[in-house]
Amino acid sequence: FFFDTPHGLVLCSKTTTIGQSMEGHDDPLVKDGKSLSLAGTKAVVPFLTTLFIKLPFWILILLPTSIIYLAAAKLFLKPKKEKAAKEVDVAFDEGASKPLSTRSNDIVLLGATGFTGKLAAQYLAKNYGTSVKWAIAGRRLGALRELRDHLVAINPDLKDLPLLVVDTSVPEQVTEMVTDTRVVITTAGPFAAYGTPIVQACAVYGTGYCDITGESDWVRQMIDRFDDEARRSGARIVHFCGHDCVPWDLLTLQAAKQLKSKGETLSSIECFDEIRGDMSGGTVATFFLSLENRVKYKPQLGFDPLVKTKQGDKSTAKFRIDNQARLGYSSQSKTWIGPFVMAVVMANCIRRSNAVNGYSPKMTYRESMVYASFMAGFVQFIDFIIFGTVIVTRPLGSLFRRTLLPKQGEGPSEAKMDKGFLKITAFAEGDKGGRVKCWLYFPTDPGYRDTARMLVESGLALLDPDVGAEGGVFTPATCQGSVLLQRLINTGCSYHMEEIGGSK
């Protein structure tokens, strides 16, 4: 529920090019007739319910229960030791590699039968059909056949779409898949559980890779363990290619470019998120796995892998995160704002992009969620607090997960996804006081339907000759960059950039 939670004026719509000037820059939410959750009078009843029922319940019952549990657990329960991260590499045979030009597939979609995987497969079928050589992969042949039948109903030309049975724990199956495609795109998470062998194999065999992970600690491990190998083979490993963190990463890239074109260096960026969407069971599983299976990982680099530069050393840039932590009013956006649960993931991705792209030697990142009104913000902020309290109280968190949250493979309905959207408005400031405003809009559910689009377009962008061929472990902004942004604009997004003068 927390998700329901360069020139003059530039507006890029579905058919425009980045930097192409157009007249007008109307709010796409108004154009599409969409609104934030609890807009207008819809917030009145939830506000009263929260004020007189939820808030007292949290203060009088839930919070004391959580405090007692945490105190008792500390006194009487044996602390759960953090596990050491598994660093066992699979002995992939480098001799099995094939030249990219001889491989059967351009794209393999791994995890195709999961909730987001199916959406990605449908997107490929509807928009690319047989113009791209692609295959679907998963653990169960029956489920793959069923999915192909569904895709044939969308596009009959896909009757011979290749099906690949791949268990990520079986090196031979991973090798066969990775050595016969130019790019792997995967939705098969949690990635800390299932993603490492795929990343390693792609790094060894020079295969492109994109995922939709939001697991920052796992990404740290992948940089530390496989960045050098990927540089050697030319593999472009790109994490964060979905809702986490394509929109924020690309907006920061464009803001930095715009300021640089005016002789300035990006010093701060503040993102305001207008979002409407829902959760899937896969997201729930990943979230709880990260809480229940905390791992202790000591980087071989000797420093945070996220700040590893192209030269292989530690970035000297100072990167400060100043995300919104409470309900408040923003004079910048002129809206009520509060914390966004995934903001730290976006910040970590942009920290990595700054280290590689070198936006700024000293940068501050801020992010917040926009609410429709004070009442809506109050409701959603209290829900956020209640959710956090339940999660840290393990028995309650376990019960909550089993009874109220979607199971793995489940997700929002088509009707709910139709109502979804994401609009991020960013205000960026340069070191000389210049300021720019930019926004990026996704017209449908961002967490799943448009995450599928982001993933597919991220993978296809790796096939574009305009994207650099240098290998390594990247973010979208440090690899596909503006090529990806243009693909997203061409397939549904709206984008706007303007200069808004000097210092505030």
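Numbering (full-length UniProt numbering), first residue to last: 1 to 504. No residue lacks a Cβ here, since even glycine has one placed at the ideal position from N, Cα and C. Just so it is clear, the structure is predicted and the values come from calculations on it, not from any experiment.
Beta-carbon gap between residue i and residue j smaller than 7 Å
{"i": "ALA255", "j": "CYS479", "result": "no"}
{"i": "VAL152", "j": "LEU158", "result": "yes"}
{"i": "LEU110", "j": "VAL184", "result": "yes"}
{"i": "ILE321", "j": "SER330", "result": "no"}
{"i": "GLN258", "j": "VAL483", "result": "no"}
{"i": "ALA125", "j": "ASN105", "result": "no"}
{"i": "ALA201", "j": "TYR194", "result": "no"}
{"i": "ALA452", "j": "THR186", "result": "no"}
{"i": "VAL30", "j": "ASP227", "result": "no"}
{"i": "GLY242", "j": "VAL345", "result": "no"}
{"i": "MET454", "j": "VAL246", "result": "yes"}
{"i": "GLY492", "j": "PRO412", "result": "no"}
{"i": "LYS54", "j": "ILE382", "result": "yes"}
{"i": "GLU264", "j": "GLY40", "result": "no"}
{"i": "VAL108", "j": "ALA137", "result": "yes"}
{"i": "CYS271", "j": "ALA426", "result": "yes"}
{"i": "ARG225", "j": "GLY471", "result": "no"}
{"i": "LYS314", "j": "VAL307", "result": "yes"}
{"i": "PRO156", "j": "ILE223", "result": "no"}
Reduced DSSP category for residue i - H, G, I as helix; E, B as strand; rest coil
{"i": "PHE240", "result": "coil"}
{"i": "ASP450", "result": "helix"}
{"i": "ILE275", "result": "strand"}
{"i": "LYS260", "result": "helix"}
{"i": "ALA428", "result": "strand"}
{"i": "ASP211", "result": "strand"}
{"i": "CYS202", "result": "helix"}
{"i": "TYR128", "result": "coil"}
{"i": "LEU38", "result": "coil"}
{"i": "THR138", "result": "The displayed chain sequence assigns Gly, not Thr, to residue 138. GLY138: strand per DSSP, three-state reduction."}
{"i": "CYS349", "result": "helix"}
{"i": "PHE474", "result": "strand"}
{"i": "PHE340", "result": "coil"}
{"i": "ASP106", "result": "strand"}
{"i": "ALA186", "result": "It should be pointed out that residue 186 corresponds to Thr in this sequence rather than to Ala. In this structure, THR186 counts as strand in the three-state DSSP scheme."}
{"i": "PHE421", "result": "strand"}
{"i": "TYR359", "result": "coil"}
{"i": "GLY234", "result": "coil"}
{"i": "LEU163", "result": "strand"}
{"i": "TYR194", "result": "helix"}
{"i": "THR116", "result": "helix"}
{"i": "SER494", "result": "strand"}
{"i": "GLU499", "result": "strand"}
Top-ranked residue by Cα proximity to residue i, from the options
{"i": "GLY434", "options": "GLN311, ILE500, ALA343", "result": "ILE500"}
{"i": "GLY95", "options": "HIS243, THR175, ALA192", "result": "THR175"}
{"i": "GLY234", "options": "ALA121, CYS493, ARG182", "result": "ARG182"}
{"i": "VAL132", "options": "PRO162, ARG401, ALA372", "result": "PRO162"}
{"i": "ARG352", "options": "ALA188, TYR128, THR425, PRO476", "result": "PRO476"}
{"i": "ARG401", "options": "PRO412, ASP278, PHE387, SER413", "result": "PHE387"}
{"i": "PRO99", "options": "LEU51, ARG148, ASP180", "result": "ASP180"}
{"i": "PHE47", "options": "VAL90, PHE374, GLY420", "result": "PHE374"}
{"i": "GLY409", "options": "LEU119, LEU70, TYR69", "result": "LEU119"}
{"i": "ASP445", "options": "MET417, GLY208, SER458, ALA376", "result": "MET417"}
{"i": "GLN486", "options": "LEU250, ILE350, PHE303", "result": "LEU250"}
{"i": "VAL467", "options": "GLY481, GLU457, ASN127", "result": "GLY481"}
{"i": "GLY208", "options": "PHE303, ARG103, THR265", "result": "ARG103"}
{"i": "VAL370", "options": "ALA343, CYS349, PRO395", "result": "ALA343"}
{"i": "GLY397", "options": "PHE340, TYR69, VAL44", "result": "TYR69"}
{"i": "TYR448", "options": "ILE275, PRO64, ASP149", "result": "ILE275"}
{"i": "LEU266", "options": "THR49, ALA428, THR65, ARG236", "result": "ALA428"}
{"i": "LEU63", "options": "THR393, ALA469, ASP450", "result": "THR393"}
{"i": "residue 509", "options": "LEU51, LYS314, PHE319, ASP244", "result": "Residue 509 lies beyond the range of the chain shown here (1 to 504); nothing can be said about it."}
{"i": "ILE391", "options": "SER66, PRO299, ALA112, PRO28", "result": "SER66"}
{"i": "PHE240", "options": "CYS349, PRO395, ASP27, MET363", "result": "CYS349"}
{"i": "LYS423", "options": "SER261, LEU463, ASP217, SER368", "result": "SER368"}
Status (buried if at least 16 other CB within 10 Å, exposed otherwise) for residue i
{"i": "ARG366", "result": "buried"}
{"i": "GLY160", "result": "Just to set this straight, residue 160 is Asp in the shown sequence, not Gly. Looking at its Cβ environment, which holds fewer than 16 other Cβ atoms inside 10 Å, ASP160 is exposed."}
{"i": "ARG145", "result": "exposed"}
{"i": "SER360", "result": "buried"}
{"i": "GLY277", "result": "buried"}
{"i": "THR130", "result": "exposed"}
{"i": "LEU460", "result": "buried"}
{"i": "PHE191", "result": "buried"}
{"i": "GLN311", "result": "exposed"}
{"i": "VAL379", "result": "buried"}
{"i": "PRO197", "result": "buried"}
{"i": "GLN324", "result": "buried"}
{"i": "SER458", "result": "buried"}
Inter-stretch contact at 8 Å, needing at least 3 Cβ pairs: the stretch 50-59 / the stretch 135-147: Touching, no.
Three-pair Cβ contact test at 8 Å for the stretch 402-416 versus the stretch 66-81: Between the stretch 402-416 and the stretch 66-81, the count of Cβ pairs shorter than 8 Å is below three; the stretches do not touch.
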